[in-house]
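Below is one structure, written out as structure tokens; the observations come after it.
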Amino acid sequence: MQILLFDIDGTLLNTGGAGQAAMELALKTVFNVTNRTEGVPAAGRTDRAIVTDLFAYHKIEETPELWMTFQETYFQHLTEVLPTLPGQTLIGIELLLATLHEREDVVLGLLTGNFRQGAQLKLGHYRLDHYFAFGGFGDNHHDRDDVARSAMLAVTEHQQVDVDPSSVWVIGDTPADVRCGRAIGARTVAVATGSFTHDDLIETKPDHLFSDLGDTQAFLDLL
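Numbered according to the numbering used here, the sequence shown spans residues 12 to 234.
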């Protein structure tokens, strides 16, 4: 059995900046912050780490109550913003997922820095949510490697057996995806459909590197 763990933003889809827009709106709604998310990097990071840095940047105390309020407001704004921006599923993704979903020797999961609910909202909007039954998410971890470890626990729970890491594939568009895949002993597939170029990703030495996932058969030949 091959376990494929997909990143979301820049790998499966491009929301047109919905996540950033929703976070900026949540900062404005909850804290009346207007200089927004500038200076806080996001690509390849977990939502937990991003929001922690946003709170620190704007000198906001990170209490459980404020955290919950911010999250709920973010999800509300994300729901509102997603339909208004020119996002799309990325090249080849719909055919690839549909093909993989039909195979009895493949299980699809997620390995993403998104909050779980944020991931569900994004995937649901682009009608990809039904492909994924489990995953590792960015709710509790600052380090992407820890998200990968939580994804492995989710794999084991879903499969009800211990899983050999060599049968796990991590597919993503950032160096962080490659590093976290390596941290759990998985095979790594980098795809240059996000903010990092083909040359950027070569430096991380993924097991496989694609410019995009438009060639379904080329991807299937890896398995």
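Beta carbons are placed, not taken as given, at the ideal position from N, Cα and C, and that holds for glycine.
Point to revise | Residues near A165 in its chain [Cβ-Cβ closer than 8 Å; skip 5 each side] | key: To locate residue 165, count along the sequence shown from 1; it is residue 154. Result list for A165: G120, F145, G146 and G147, in chain order.
Check your understanding: Sorted by chain position, which residues of the same chain lie with C-beta nearer than 7 Å to R59's C-beta, five sequence neighbours on each side aside?
Key -> Translated into positions along the sequence shown, residue 59 becomes position 48. Once the five neighbours on either side are set aside, the close Cβ partners of R59 are G149, D150, N151, H152 and H153.
**Study point:** N-terminal and C-terminal residue of the alpha helix (DSSP H) that R155 is part of
**Key:** By one-based count along the sequence shown, residue 155 stands at place 144. From DSSP, the alpha helix (DSSP H) with R155 extends over R155 to Q170.
Point to revise | Proximal residues to L237 (C-beta, below 6 Å), its chain only, five neighbours per side dropped | key: Lying before the first or after the last residue shown, residue 237 is absent from the chain, which here runs from 12 to 234.
Exercise for review: Following the continuous alpha helix (DSSP H) through H5, name the residue where it begins and the one where it ends.
Suggested key: Any question about residue 5 goes unanswered here, given that the chain covers just 12 to 234.
Check your understanding: For D210, which residues from the same chain have a beta carbon less than 8 Å from its beta carbon, with the 5 sequence-adjacent residues on both sides left out?
Key -> For this step, residue 210 is matched to residue 199 along the sequence shown. Here the set comprises nothing.
Point to revise | Beta-carbon gap between N25 and G98 smaller than 8 Å | key: Residue 25 sits at position 14 when you count from the first residue of the sequence shown. Residue 98 sits at position 87 when you count from the first residue of the sequence shown. A contact, by the Cβ cut-off of 8 Å.
Practice item. Reducing DSSP to helix, strand and coil, say where L201 ends up. Key: Counting from 1 along the sequence shown, the entry for residue 201 is found at position 190. The identity of residue 201 in the sequence shown is Ala, whereas the question assumes Leu. Correct three-state label for A201: strand.
Point to revise | Cβ-Cβ separation, G225 to G103 (assumed contact under 8 Å), whole Å | key: If you number the sequence shown from 1, residue 103 lands on position 92. If you number the sequence shown from 1, residue 225 lands on position 214. Going by Cβ atoms, the distance from G103 to G225 rounds to 4 Å, so yes, they are a contact pair.
Review point. How is I14 classed by DSSP in three states: helix, strand or coil?
Key: Here residue 14 refers to the residue found at position 3 of the sequence shown. DSSP places I14 in strand when its eight states are reduced to three.
Check your understanding: How many whole angstroms separate the CB atoms of T240 and T84, which I take to be in contact at a CB cut-off of 8 Å?
Key -> Here the chain covers residues 12 to 234 and nothing more, so residue 240 does not appear.
Practice item. Use the C-beta contact count for P75: other C-beta atoms within 10 angstroms, 16 or more gives buried, fewer gives exposed. Key: For this step, residue 75 is matched to residue 64 along the sequence shown. That one is exposed.
Check your understanding: When burial is assigned at 16 or more other CB atoms within 10 Å of the CB, is L106 buried or exposed?
Key -> Here residue 106 refers to the residue found at position 95 of the sequence shown. Exposed, since its Cβ has fewer than 16 Cβ neighbours within 10 Å.
Exercise for review: Leaving out five residues on either side along the sequence, give the residues of the same chain with a beta carbon under 6 Å from the beta carbon of A187.
Suggested key: Residue mapping note: residue 187 aligns to position 176 of the sequence shown, counting from 1. Excluding sequence positions up to five before and after A187, its CB lies within less than 6 Å of the CB of G55 and R155, all in the same chain and listed in chain order.
Review point. Residues in its own chain within less than 8 Å of T110 by CB, not counting five upstream and five downstream?
Key: The sequence position of residue 110 within the sequence shown is 99, counting from 1. Same-chain partners within the cutoff: T227 and L231.
Point to revise | Where R138 falls, given that 16 or more other Cβ within 10 Å makes a residue buried | key: Within the sequence shown, residue 138 is the residue found at index 127, counting from 1. With fewer than 16 other Cβ atoms within 10 Å, it is exposed.
Check your understanding: Under a Cβ-count criterion, where at least 16 other Cβ atoms within 10 Å of its own Cβ denotes burial, should S161 be classed as buried or exposed?
Key -> Numbered from 1 along the sequence shown, position 150 holds the residue referred to as residue 161. The residue is buried, with at least 16 neighbouring Cβ atoms inside 10 Å.
Point to revise | Nearest-angstrom Cα separation, counted from Q131 out to T215 | key: The residue labelled residue 215 in the question sits at position 204 within the sequence shown. The residue labelled residue 131 in the question sits at position 120 within the sequence shown. The alpha-carbon separation between T215 and Q131 amounts to approximately 29 Å.
Review point. Between I213 and G192, what straight-line distance do the alpha-carbon atoms span, to the nearest angstrom?
Key: One-based indexing of the sequence shown puts residue 213 at position 202. One-based indexing of the sequence shown puts residue 192 at position 181. Each residue's Cα considered, the two are about 15 Å apart.
Point to revise | Neighbour-count burial assignment, K133, 16 or more Cβ in a 10 Å radius | key: In the sequence shown, residue 133 corresponds to position 122, counting from 1. So K133 ends up on the buried side.
Check your understanding: Going by alpha carbons, who is nearest to M34 out of T80, E72, L23 and I195?
Key -> The residue you call residue 34 lines up with position 23 of the sequence shown. Of the candidates T80, E72, L23 and I195, the one whose C-alpha sits nearest the C-alpha of M34 is T80.
Practice item. Identify the continuous alpha helix (DSSP H) that holds L220 and give its terminal residues. Key: By one-based count along the sequence shown, residue 220 stands at place 209. Element bounds for L220: not the alpha helix (DSSP H) but the beta strand (DSSP E), H219 to F221.
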